[in-house]
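Trainee: Position one of the sequence shown corresponds to residue 488 (this note's numbering), numbered consecutively onward. In this text, a Cβ means the ideal position worked out from N, Cα and C, and glycines have one as well. Treat the numbers as computed from the prediction; the structure is a model and nothing was measured.
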Amino acid sequence: MVRKDVRSKQKRNNDALPVEYGDVMYKYPISIVTCAYNEEKTIGGLISRIRKALHDVKHEIIVVDDASTDKTHDIAKKCADRVIRTAHVGQTNCLWKGIREAKYPTVVTMDADLEHLPEDIPRLLAKLGTHDYVCGSRTSLPRLSERLSGVLLGRLLGVRDTFTNLRAFNGNVKRYFISKGHLTANTYGLEFQIRAKKGGFRVAEIPIKAIRRKDSRIGNSFRTELKLLRAMVAGIFLLLNPLA
Numbered sequence: 488m489v490r491k492d493v494r495s496k497q498k499r500n501n502d503a504l505p506v507e508y509g510d511v512m513y514k515y516p517i518s519i520v521t522c523a524y525n526e527e528k529t530i531g532g533l534i535s536r537i538r539k540a541l542h543d544v545k546h547e548i549i550v551v552d553d554a555s556t557d558k559t560h561d562i563a564k565k566c567a568d569r570v571i572r573t574a575h576v577g578q579t580n581c582l583w584k585g586i587r588e589a590k591y592p593t594v595v596t597m598d599a600d601l602e603h604l605p606e607d608i609p610r611l612l613a614k615l616g617t618h619d620y621v622c623g624s625r626t627s628l629p630r631l632s633e634r635l636s637g638v639l640l641g642r643l644l645g646v647r648d649t650f651t652n653l654r655a656f657n658g659n660v661k662r663y664f665i666s667k668g669h670l671t672a673n674t675y676g677l678e679f680q681i682r683a684k685k686g687g688f689r690v691a692e693i694p695i696k697a698i699r700r701k702d703s704r705i706g707n708s709f710r711t712e713l714k715l716l717r718a719m720v721a722g723i724f725l726l727l728n729p730l731a
């Protein structure tokens, strides 16, 4: 635990206290980035739970509003530290926008629909003590395309859930991501895993139980399977391209 004299000094400095997660004390400020599209039912609760999970960690919450047509923007403005409004460019592009705008080196990304639990963020941060890039992998992959990608790419990338968007990474990874740019296609999270692998970073994963929604943004139809398969093919080309 934090010694009393250290705790008092940090309070005098008006700084956030480090918090122990397992056997790792995470003391660096964090930028949380989420992309929201018509998430008026969940965005307020998401932000509240993030604040609670990181109550002793200095952080900012960035909501990238992907041209929502409901009250998502208004609710986020009241709760988040920053809200960035974009044209309807898709989740991957929104996350890239938020990462570039993040003011802290350490970044956490997650979905805005509460499929990802904010309470899992401390578990990601604990792994950052020994790794550069940590993602949350669902223990059950509901779609055939997700399972196929896990088989074809999972071992190469070091993660089972190749399409996850729950991740934490340090400043070295952030700078590398920004220097490389990103694909214009929506890769549904796969691109981040591939970039981390190609950059030679220390990659780890933690098991998570995602709360699957019936009205998921990406959908659950055959068309969704095709979208993910196209993203997988784009990811394979990215992985094999030595210049990318």
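1. For F572, which beta-bridge partners are listed by DSSP?
2. Going straight from the alpha carbon of T556 to that of G531, what length do you get?
3. With C-beta atoms as the reference, is L640 less than 8 Å away from T649?
4. Quick check: A655 and L615, are their CB atoms within less than 8 Å of each other?
5. Could I get the ranges of all uninterrupted beta strand (DSSP E) runs contained in the region 661 to 710, with 3 residues as the minimum, in chain order?
6. Hey, quick one: how far does the beta strand (DSSP E) through T593 stretch, first residue to last?
7. My parser needs the beta strand (DSSP E) runs of 3 or more residues fully inside the region 610 to 671; what are they?
8. Would you grab the beta carbon distance between S518 and Y591 for me? Rounded to a whole angstrom, and I think it's under 8 Å.
9. Out of Y515, I537, I549, L730, which one is the CA nearest neighbour of G781?
10. For A563, report the span of its alpha helix (DSSP H) as first-last.
11. On a Cα-Cα basis, can you pick out the residue from P694, N673, A697 that is closest to T711?
12. Starting from the Cα of S627, find the closest Cα among L541, H618, R642, A697 and give me that residue.
13. Look up V720 in the DSSP assignment and say whether it is helix, strand or coil.
14. Just verifying my parser: in three-state terms, what is the DSSP assignment at T579?
15. Look at the alpha carbon of T559 and the alpha carbon of L604, and state the distance between them as a whole number of angstroms.
16. At the 8 Å Cβ level, is R642 part of the contact set with chain B, yes or no?
Mentor: Inspection of the coordinates gives the following:
1. Along the sequence shown, read from residue 1 onward, the residue named residue 572 stands at position 85. Position check: residue 572 holds Arg in this sequence, whereas Phe was assumed. Answer by DSSP bridge pairing, in chain order: D552.
2. Residue mapping note: residue 556 aligns to position 69 of the sequence shown, counting from 1. Residue mapping note: residue 531 aligns to position 44 of the sequence shown, counting from 1. Taking the straight line joining both Cα atoms gives about 16 Å.
3. Here residue 640 refers to the residue found at position 153 when the sequence shown is read from its first residue. Here residue 649 refers to the residue found at position 162 when the sequence shown is read from its first residue. Contact flag set, yes.
4. Taking the sequence shown and counting its residues from 1, one reaches residue 655 at position 168. Taking the sequence shown and counting its residues from 1, one reaches residue 615 at position 128. In this structure, L615 lies closer than 8 Å to A655 by Cβ.
5. Within the region 661 to 710, the complete beta strand (DSSP E) runs of at least 3 residues fall at 690 to 695.
6. Here residue 593 is taken as the residue at index 106 of the sequence shown, counted from 1. Where T593 is concerned, the enclosing beta strand (DSSP E) starts and stops at 593 to 598.
7. Within the region 610 to 671, the complete beta strand (DSSP E) runs of at least 3 residues are 620 to 625, 654 to 656.
8. Working through the sequence shown from its first residue, we reach residue 518 at position 31. Working through the sequence shown from its first residue, we reach residue 591 at position 104. Yes, S518 and Y591 are in contact; Cβ-Cβ is about 4 Å, under 8 Å.
9. Nothing about residue 781 can be reported from this structure: the residues present for the chain run from 488 to 731 only.
10. In the sequence shown, counting from the first residue as 1, residue 563 sits at position 76. That run of the alpha helix (DSSP H) goes 559 to 566.
11. Locating residue 711 in the sequence shown gives position 224, where the first residue counts as 1. Of the candidates P694, N673, A697, the one whose C-alpha sits nearest the C-alpha of T711 is N673.
12. Position 140 of the sequence shown holds residue 627. That would be A697, whose Cα lies nearest to the Cα of S627.
13. Numbered from 1 along the sequence shown, position 233 holds the residue referred to as residue 720. Judged by DSSP in its simplified three-state form, V720 adopts helix.
14. Here residue 579 refers to the residue found at position 92 when the sequence shown is read from its first residue. Note: T579 maps to helix in three-state DSSP.
15. Mapped onto the sequence shown, residue 559 falls at position 72. Mapped onto the sequence shown, residue 604 falls at position 117. Using only the alpha carbons, I get a separation of about 19 Å.
16. Of the protein chains in the structure, only one exists, and it is not chain B.
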